[in-house]
Every structure is written in structure tokens, then in C-alpha cells.
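If you're matching positions, the sequence shown starts at 5 in my numbering and goes up one per residue.
Presented below is the structure to which this report refers.
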Amino acid sequence: MMHVTASQIRQDFNNFGGFGQQGYGYNIHYLHEMIGNILGLDQHHDMILIGAGHLGSALVNYMKFRSNGFDFRGAFDIREDLVGGEVGGIPIYHISTLKEYLENNQIDIAVLTLPKGEALKISEILSGSSIRAVWNFAHVDLMMPEHIQVENVHLQDSLMKLSYSIKCGSRQE
């Protein structure tokens with residue numbers, strides 16, 4: 005499926021250490037565990053959501069995050085009809101309390117699902133915090149200080165890629 009040889013996969017695994025036994029292959033459970041360790045999935049990550057609308061709510065309610073060690077601790081929004089409520093069992097706070105919340109809580113990842121203008125403002129607050137990473141769904145690429153990892157998610161780009169694949173009739177990995 006991936007159009008790579010078994011030899012290439014073995015070489016790639018060897019870059020991270022020896023997982024298999026020559027002539028016997030791999031213990032799948034152990035290999036799965038080791039790949040999880042390489043990806044940092046053996047660690048727990050506390051997250052916050054900034055933007056508790058439809059997309060944010062869908063992300064919070066995705067159950068596999070928690071089973072993989074990603075726990076949402078709070079959500080923030082500007083809409084008064086959402087503030088004071090809950091999404092996926094976590095409280096929704098007013099965005100004006102974000103800075104204070106970050107000062108009093110150890111949060112690893114901020115998930116942004118808000119308009120691009122707001123994302124730029126929020127990125128300034130996050131830059132001065134102990135946040136270690138930002139998962140950004142806003143329609144703007146964020147530039148953060150070097151100590152903060154950023155994953156800018158472009159939903160439109162993914163959809164265009166699918167459209168191209170349909171047109172060409174081939175799988176584009």
C-alpha cells in the first residue's frame with residue numbers, strides 16, 4: 005500500500021533502534037509500543053480549546069484523544085451563550101481569562117478553532133505562556149517562538165488534494 009519495500013521499512017525502524025529479530029520478524033505489540041514511545045504517546049498531554057464552536061466541539065468530543073493521552077482541561081470562547089457551559093464535559097471560560105488560566109495551569113497544547121484575526125491576537129498571549137505546542141485550525145499560519153511547536157492544519161488544502169485525486173483517478177499520498 006505504501007509503495008516501499010520491506011527492506012526500507014526495516015532500515016527505517018533501525019534508525020530508532022532494533023525492534024525485530026532476524027529471521028523471525030517483529031513482535032507487533034512491542035513494535036506498536038515502541039512506535040508510540042518514539043511519537044511521545046507514552047506521555048500525557050493536557051490541552052485547552054480556544055474556540056468552542058462546531059469544529060472545536062467536534063474535536064473535544066473525539067474520544068480517541070483521551071485514550072491516547074491527550075486530555076482537554078478547558079475551553080475558551082468569547083460568546084456569552086457558551087461561557088459558563090460545558091463541551092464534552094469540560095468547562096467553557098471567557099477568553100478574557102485565558103492568560104490567568106495559563107499562569108495557573110500547566111497546559112501542553114492549545115487547540116485553536118477560531119477566526120484568523122482572533123488567532124493572531126491569541127497567539128500573542130500563547131507566546132508569553134508555558135504552552136509547548138499549538139494545533140492551529142484557524143485560516144492563518146501562525147509564527148510562534150522557537151520553543152512552541154506549531155501544526156497549522158489546512159482543511160481546504162486537504163479537500164483540494166482529494167478533488168485532484170478524484171479527477172486523476174489515483175491515490176495521492
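The C-beta atom is built at its ideal place from N, Cα and C for all residues, glycine as well.
Please read these numbers as outputs of a predicted model, since none were measured by experiment.
Shortest alpha-carbon distance to residue i belongs to which of the options?
i       : options                              : result
Ile-52  : Val-64, Arg-70, Gly-78 and Leu-35    : Gly-78
Ser-131 : Leu-118, Ala-142, Arg-70 and Val-154 : Val-154
Gly-121 : Leu-159, Leu-146 and Ile-152         : Leu-146
Asn-61  : Met-6, Asp-112, Gln-160 and Leu-86   : In the sequence as presented, Asn is not what sits at residue 61; that position holds Ser. Considering only alpha carbons, the answer is Leu-86.
Tyr-97  : Ile-111, Ser-167 and Glu-84          : Glu-84
Glu-104 : Ile-135, Gly-89 and Thr-117          : Ile-135
Ile-113 : Trp-139, Leu-102 and Met-148         : Trp-139
Gly-92  : Phe-76, Ile-129, Gln-160 and Ala-142 : Phe-76
Arg-110 : Tyr-66, His-49 and Lys-68            : According to the sequence provided, residue 110 is Gln. The question's Arg does not apply to it. If we check each option's Cα against that of Gln-110, His-49 comes out closest.
Phe-141 : Asp-81, Gly-55, Met-6 and Gln-12     : Gly-55
Since residue i sits in a beta bridge, which residues does DSSP pair it with?
i       : result
Asn-140 : Leu-116 and Asn-156
Ile-94  : Val-91
Ile-52  : Gly-78 and Ala-114
Does DSSP put residue i in a helix, in a strand, or in coil?
i       : result
Gly-60  : helix
Met-67  : coil
Met-4   : No statement about residue 4 is possible, as the shown extent of the chain runs from 5 to 177 and does not include it.
His-33  : helix
Thr-9   : coil
Gly-121 : helix
His-86  : Here the sequence assigns Leu to residue 86, which means His is not the residue at that position. Of the three classes helix, strand and coil, the one that applies to Leu-86 here is coil, per DSSP.
Contained beta strand (DSSP E) runs [length at least 3] in the stretch 146-176, N- to C-terminal order: 153-156
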